[in-house]
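Numbering (the working numbering), first residue to last: 8 to 179.
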């Protein structure tokens, strides 16, 4: 028998997680402590507000961890990316003709909600999108690369899901 899906619509971000973990999160929500718990662990904001600052931030991480990866042509915040469609960031590749050569144009878009999100969550999503420069699919190698660039990647991904839940609960 498969575990039941989370009962609250906001808990859709935890689909696939063990029921015991979902119950813990439901307990924190019921006690009104989920947002406080996240703020304690990830409250520090970042200064990466502009598209240029975001490009520089991505380039810095890329140079530190992925020196031989293909260059990035553009990195920017995108207000059109919607969390509801599960797009917090995207990595796109598009061919472009330059003289007689065909080159690949690489672009990263980060959802605008990360302008105001805690610094750890911005780093997690940037690491995720940078990993796509080397690994296109969400494979074991992809997640190993994410862990290499950010050792706390798995925990940050989970905490980001909790952060999205707090944002949804704040709307209601």
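C-beta atoms are modelled at their ideal positions from N, C-alpha and C, and glycine is treated no differently.
This structure is a prediction, so every number in the text was calculated from the model and none was measured.
A residue is called buried once 16 or more other Cβ atoms fall within 10 Å of its Cβ, and residue 131 is buried on that count. A distance below 8 Å separates the beta carbons of residue 112 and residue 80. Partner residues in the beta bridge of residue 96, as assigned by DSSP, are 117.
Of 36, 127, 141 and 176, the smallest CA-CA separation from residue 159 is found for 127. In its chain, beyond the 5 residues on either side, 72 and 134 have a beta carbon closer than 6 Å to the beta carbon of residue 156.
The beta-carbon distance between residue 20 and residue 171, rounded to whole angstroms, is 5 Å. This is short enough to meet the 8 Å contact definition.
Cβ neighbours of residue 15 within its own chain (closer than 8 Å, five residues either side excluded): 33 and 36. In this structure, DSSP gives residue 53 a state outside helix and strand, which the three-state scheme calls coil.
Secondary structure at residue 112: strand, using DSSP grouped into helix, strand and coil. Going by DSSP, residue 130 is part of the alpha helix (DSSP H) stretching over 126-138. Within the stretch 20-73, the runs of alpha helix (DSSP H) at least 4 residues long that lie entirely inside it are, in chain order, 26-37, 41-49 and 58-72.
Secondary structure of residue 85 (DSSP, three-state): strand.
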